[in-house]
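All remarks here apply to the structure that follows.
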Amino acid sequence: MALTTPARPRTAAAPAPRRASSSRTRRRLAKAGVLIGLLLGAVFAAGPVLWMLSSSFKSNTQIFELPPRLITDTFSFDAYVSIFTNPETVRFFINSYVVAGAVTILTLLVAIQAAYAFSRFEFRGKRIVNVIIVSVQAVPPITLLIPYFGLMVGLGLYNTYPGLIFTYMVFTLPYAIIMMTGYFNTLPKELDEAVRVDGAGSFTALWRVLVPISIPGIVSVGIYTFMIAWNEFLFALTLTRTIDMRTVPIGIQLLMGQHSYEWNQIMAMSILGSIPVLVLFLFFQRFFISGLTAGSVKS
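Shown next, in the form of structure tokens:
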């Protein structure tokens, strides 16, 4: 007699179309949430900039009118005309360009050679020097304000371009050396070894081989350095005395008088002061991002 096993009861499966519809709904809700989040973030980031741009084309009275309006009926360039026709404000921009440009160039020249030495050579005291470089990055700049003031006065560099340039380099060089060392570490040592086999020295290997293929890292470090020197306020205020040595951040602060603020000129000067950094970042964005990524990884 054959034994038969009882049949298992079948469970009712959910209809496939219903599951697919639920999955599509969840994906759409997730996408909508991401878009809403991005939109809110864009408004939060761009809102102040748009208001600053709008206020630069208004009079001081229109800036405080109620209800506030982003776009007014009267569109005025008076604030920009006042800035460009005032020799003092023009001087602020010249000083910032001179200081930031010199700091960027000198920092890159020193950082490239120092990073090449750290990346390719072993020498006595290398670990100690590395610790010192990292330690300088960890020191809050404000703690060095009074010592630097005394040092600049003692060296006769107070209220001069070299005083500002050398001071800024103290804060930009450690980051630049660390980043460039990390970038050189990603490049195979066989490149400069091949150059030495051909009879050239380390200097040729650095400037003829490694530097041309390290443009992304150099650009990212250069943009960062320029931003630090261009936007710095505390040391520029402390280490300069006369109007002809002030930079753009100090010039914006000087527009805040004792009894009244020239808000439209403050906004206009802020817009003009933001343009150089914005242009640099937009123009070299591809190099900047790839340089930061490569410099943060050590092979």
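Note that the working numbering has the sequence shown beginning at -2, numbered continuously upward. All residues carry an ideal CB built from backbone N, CA and C; glycine is no exception.
Taking residue i and residue j to be in contact with their CB atoms under 8 Å, please state how far apart those CB atoms are, rounded to whole angstroms.
i              : j                : result
isoleucine 125 : leucine 269      : Incorrect: roughly 44 Å between the Cβ atoms, too far for contact.
arginine 243   : phenylalanine 89 : 6 Å
tryptophan 227 : valine 274       : 6 Å
alanine 246    : alanine 265      : Alanine is not the amino acid found at residue 246; the sequence shown has proline there. Contact flag wrong, Cβ pair sits at about 15 Å.
isoleucine 263 : isoleucine 240   : Incorrect: roughly 17 Å between the Cβ atoms, too far for contact.
valine 218     : alanine 108      : 7 Å
methionine 177 : glycine 214      : 6 Å
serine 51      : asparagine 261   : Actually they are not in contact, since the Cβ atoms of serine 51 and asparagine 261 sit about 10 Å apart, beyond 8 Å.
threonine 235  : leucine 154      : Not really, about 13 Å apart at Cβ, beyond 8 Å.
For residue i, tell me which candidate among the options has the shortest Cα-Cα distance.
i              : options                           : result
valine 192     : Leu207, Val276 and Thr178         : Leu207
proline 138    : Gly147, Thr164, Asn156 and Leu154 : Thr164
isoleucine 130 : Lys186, Val167 and Leu141         : Val167
serine 116     : Ile174, Thr101 and Leu32          : Ile174
leucine 105    : Thr222, Asn83 and Ser271          : Thr222
serine 132     : Leu170, Leu37, Ser267 and Ser93   : Leu170
isoleucine 98  : Phe61, Ile225 and Ser271          : Per the sequence shown, residue 98 should be read as glycine rather than isoleucine. The shortest Cα separation from glycine 98 among Phe61, Ile225 and Ser271 belongs to Ile225.
Residues in the same chain with beta-carbon distance under 6 Å from residue i, minus the five sequence neighbours each way, listed in chain order, please.
i                 : result
lysine 295        : Because the pLDDT of lysine 295 is 43, which lies under 50, any placement of that residue in the model is unreliable, and the question is left without a value.
phenylalanine 230 : Pro246
phenylalanine 72  : Phe54
glutamate 62      : none
threonine 140     : none
Would you kindly work out how many angstroms separate the C-alpha atoms of residue i and residue j, rounded to a whole number?
i                 : j             : result
methionine 149    : arginine 238  : 12 Å
isoleucine 210    : leucine 184   : 9 Å
leucine 161       : threonine 101 : 12 Å
proline 159       : leucine 279   : 30 Å
leucine 36        : alanine 27    : 14 Å
isoleucine 212    : leucine 252   : 39 Å
leucine 64        : asparagine 57 : With the sequence shown as reference, residue 64 is identified as proline, and leucine is not the correct amino acid for it. Straight-line Cα distance between these residues: approximately 15 Å.
isoleucine 91     : alanine 135   : 31 Å
glutamine 267     : proline 84    : Going by the sequence as given, residue 267 is serine instead of glutamine. Each residue's Cα considered, the two are about 17 Å apart.
valine 96         : valine 87     : 15 Å
asparagine 156    : tyrosine 94   : 16 Å
valine 128        : tyrosine 113  : 17 Å
methionine 49     : threonine 82  : 21 Å
aspartate 75      : tyrosine 258  : 15 Å
glycine 44        : arginine 25   : 27 Å
arginine 23       : alanine 42    : 28 Å
valine 78         : valine 31     : 43 Å
tyrosine 172      : alanine 29    : 40 Å
phenylalanine 120 : serine 199    : 15 Å
serine 271        : serine 18     : 49 Å
glycine 34        : arginine 21   : 20 Å
threonine 144     : aspartate 195 : Just to set this straight, residue 144 is proline in the shown sequence, not threonine. Proline 144 and aspartate 195: Cα-Cα distance of roughly 49 Å.
serine 293        : valine 40     : For serine 293, the predicted structure reports a pLDDT of 43, less than 50, and the residue's modelled location is therefore unreliable. The matter cannot be settled from this model.
Skipping 5 residues on each side, what residues in its chain have a beta carbon closer than 7 Å to that of residue i?
i              : result
alanine 202    : Asp189, Val192 and Arg193
leucine 47     : Leu67
threonine 69   : Lys55 and Gln59
isoleucine 220 : Leu277, Phe278, Phe281 and Phe285
Once you ignore the five residues that flank residue i on each side, which residues in its own chain have a CB closer than 8 Å to its CB?
i             : result
arginine 205  : Val192 and Ala197
methionine -2 : With a pLDDT of only 46 at methionine -2, under 50, the local geometry of the prediction cannot be trusted, and the value read off the model is given with reservation. Result list for methionine -2: empty, nothing under 8 Å.
glutamine 110 : Leu203
glycine 38    : none
lysine 186    : Arg117
lysine 123    : Phe115
leucine 103   : Ile162 and Met166
Is residue i close to chain C, meaning its C-beta is less than 8 Å from at least one C-beta of that chain?
i         : result
valine 96 : Going by chain labels, chain C is absent from the structure shown, which holds only one protein chain.
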